[in-house]
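There are 2 protein chains.
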Amino acid sequence: MLKYQQIANQIEHYIEQHQLQQGSKLPVLETLMENFSSSKSTIIKALDLLEKKGLIFQVRGSGIFVRRKSRRGYINLLSNQGFKKDLEEFDITTEMISLEIVKPTQEAADNLQIAKDQDVYHVKRIRYISGQTLCLEESYYDKSIVTYLNKQIVTESIFDYIREGLGLNIGFSEMYIKTGKLTDEESEYLKLPTADPKLIMESIFFLANGTPFDFSKVTYNHEQSQFFLLGTGL
Amino acid sequence: MLKYQQIANQIEHYIEQHQLQQGSKLPVLETLMENFSSSKSTIIKALDLLEKKGLIFQVRGSGIFVRRKSRRGYINLLSNQGFKKDLEEFDITTEMISLEIVKPTQEAADNLQIAKDQDVYHVKRIRYISGQTLCLEESYYDKSIVTYLNKQIVTESIFDYIREGLGLNIGFSEMYIKTGKLTDEESEYLKLPTADPKLIMESIFFLANGTPFDFSKVTYNHEQSQFFLLGTGL
DNA sequence: CAGTGGTCTAGACCACACA
DNA sequence: GTGTGGTCTAGACCACTGC
């Protein structure tokens, strides 16, 4: 692991262990340089990581301070995968509805930038939070990249498998969010009245080399799902 | 303006002017260092900026490539203020409904971290996109920080005024997103049936020194509003 | 004006992609 | 193995905050 990541982790643990509150001042740069025996740039890189994660904020001419978000139980829109971390205090489970190899819909082919006659894995899953339905997920994986999937992988973590099992590097994503009314099928799965509000999140995930490999449409139960986002550098 | 920002801007313009497509390769680091007569770290810092903005992606051992998002007409959730940039092809206008100095609600006081007897500016506005209602906004500004507001400021850009008029440094934000059903009042303003879906976005904005100064609740018209978010470094 | 964070440089060395 | 991006260092100098 890289030095600046290690330093970032150590500072993060330090903040956690000492239960530092919003606004607490961290040691100055020079002290951190000595403590971690490293150069200024490396410390700054570690701090930038923490700032991006929303754990600290830096004020020029003044110091480095702890930042704490005020609300709990919201899902981080940028948490780079999964609700696990945000909702770890809750009980999240996944149920597979279907897993099959098909030809993509027009929409899926467009978003995956592939031809309509190429094979894709089509996966439908439901996520539960403390027994209640959290969301309904429909995903398409480019089979020429994600060459194999089975029930176990799909019930656990597909992304972990892609990274570790297939040795692929996941790079970046695009996410599109809107609201709408639940269809009959959706309201049945989510156990909510038809035409109730839903939150729709469409995501496209790309490998580090820029190739899209996953297009997902997720419908969230409006009574269970709340999202947050931390902005930096306005 | 800082050197790395200038370089970032120039590269951005270069991409725009040459209409580079998704996946186009940019010159290698060494070439960029020569072209902009600067050190490696400065170029990398400029590229990191562009990567964060979602304009390029860097692949170690391979090169620097142009990234283009696939859809238009969505609002960037991280665009650091305003829809102007995302929706510049559309006609956005703002109408002020009310502007008054009041004592905060419990909710506003909590989010602004002030006492309930401190004064706040309470602002209600409607935003239109091509004549249709886009959203309904209710904001509270800590009057001890944002000492003055008038109709003109509120109809134009409050944030520009805070930055330039008051000389304050805006730092970071927290945003919370959920869905719900429109109330009678909201549906009247948004010209949609009562109980139709709405998207609620609550934001808290902080000065660079960590003090919250603005708490806003925005209700979006579900037929007009679509958001996007670019993820990096998964 | 002292204290503190940020920018920029030059250069050594490392890690990964791809042919 | 060559090309290419990323990490890390030491140090000069700049810019902002707050007493």
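Same order as they appear, the protein sequences are chains A and B. Under our numbering, think of the first position of the first sequence as 1, with each following residue one higher. Under our numbering, think of the first position of the second sequence as 235, with each following residue one higher. All C-beta atoms in this analysis are idealised placements derived from N, C-alpha and C, irrespective of residue type, glycine included. Just so we're clear, the structure is a prediction, and the values are computed from it rather than from any experiment.
Open item on the list: Can you look up A:Glu223 in the DSSP assignment and give me helix, strand or coil?
Closed with: coil
Task: Residues that DSSP places opposite A:His122 in a beta bridge - done: A:Glu100, A:Tyr140
Open item on the list: Is there a C-beta anywhere in chain B that falls below 8 Å from the one on A:Ala46?
Closed with: no
Open item on the list: Can you check which of these residues, A:Cys135, A:Ile126, A:Gln132, A:Asp119, is closest to A:Tyr148 by C-alpha distance?
Closed with: A:Asp119
Open item on the list: Tell me which residue opens and which closes the alpha helix (DSSP H) that A:Ser173 is part of.
Closed with: Element bounds for A:Ser173: not the alpha helix (DSSP H) but the beta strand (DSSP E), 170-181.
- [ ] Give the residues of chain A in contact with B:Gly307, contact being defined as C-beta atoms less than 8 Å apart.
- [x] Here the premise fails: no neighbours, minimum Cβ distance about 10 Å.
TODO: Note down, in chain order, every chain A residue with its Cβ under 7 Å from the Cβ of B:Thr466.
DONE: Close partners of B:Thr466 in chain A (Cβ separation under 7 Å): Phe172.
Task: Within chain A, partners of B:Gly257 - CB distance below 7 Å - done: Chain A residues near B:Gly257: Gly210.
TODO: Following the continuous beta strand (DSSP E) through A:Lys198, name the residue where it begins and the one where it ends.
DONE: For A:Lys198, the uninterrupted beta strand (DSSP E) segment begins and ends at 197-207.
Task: Residue-level contact to chain B via CB, A:Ile177, 8 Å cutoff - done: yes
TODO: Please work out which residues of its chain come closer than 7 Å, Cβ to Cβ, to B:Ser407, disregarding the five sequence neighbours upstream and downstream, and give them in chain order.
DONE: Ser437, Ile438, Phe439, Phe440
TODO: Closer than 8 Å by C-beta to A:Gln5: which residues in its own chain qualify, once you throw out the five before and the five after it? Chain order, please.
DONE: Ala46, Leu49
TODO: Verify the contact flag: B:Gln292, CB atom, against every heavy atom of the ligand NAP, threshold strictly below 7 Å.
DONE: Absent from the structure shown: the ligand NAP. Ligands present: none.
Task: For A:Gln6, the three-state DSSP class (helix, strand or coil) - done: helix
TODO: Using three-state DSSP, classify A:Gln132 as helix, strand or coil.
DONE: In this structure, A:Gln132 counts as strand in the three-state DSSP scheme.
Open item on the list: Taking the beta strand (DSSP E) that B:Ile290 belongs to, which residues open and close that run?
Closed with: It spans 290-293 - the beta strand (DSSP E) in which B:Ile290 sits, taken as one unbroken run.
TODO: For A:Glu51, I'd like the list of residues in its chain whose CB is within less than 7 Å of its CB, leaving aside the five on either flank, ordered along the chain.
DONE: Phe57, Gln58, Thr232
Task: Touch test, the region 443-461 of chain B against the region 369-380 of chain B, Cβ-Cβ under 8 Å, three pairs minimum - done: yes
Task: Closer than 7 Å at the beta carbon, the chain B residues around A:Phe57 - done: What A:Phe57 touches in chain B: Gly405, Phe406, Gly444.
Open item on the list: Taking 7 Å as the limit between beta carbons, can you name the residues of its chain near A:Thr194, skipping five residues before and five after?
Closed with: Leu182, Asp184, Ser187
Open item on the list: Between B:Gly399 and B:Ala442, how many whole angstroms is the CB-CB distance? I'm expecting something under 8 Å.
Closed with: With a Cβ gap of about 17 Å, B:Gly399 and B:Ala442 do not count as contacting.
- [ ] Would you mind reading off the limits of the alpha helix (DSSP H) that contains A:Val66?
- [x] Counting along the chain, A:Val66 falls outside any alpha helix (DSSP H), though it belongs to the beta strand (DSSP E) covering 63-66.
- [ ] Would you mind telling me which residues of chain B sit closer than 7 Å to A:Leu190, beta carbon to beta carbon, in chain order?
- [x] Here the premise fails: no neighbours, minimum Cβ distance about 12 Å.
Open item on the list: Give me the residue from A:Phe36, A:Gln10, A:Arg68 with the minimum Cα distance to A:Gln21.
Closed with: A:Arg68
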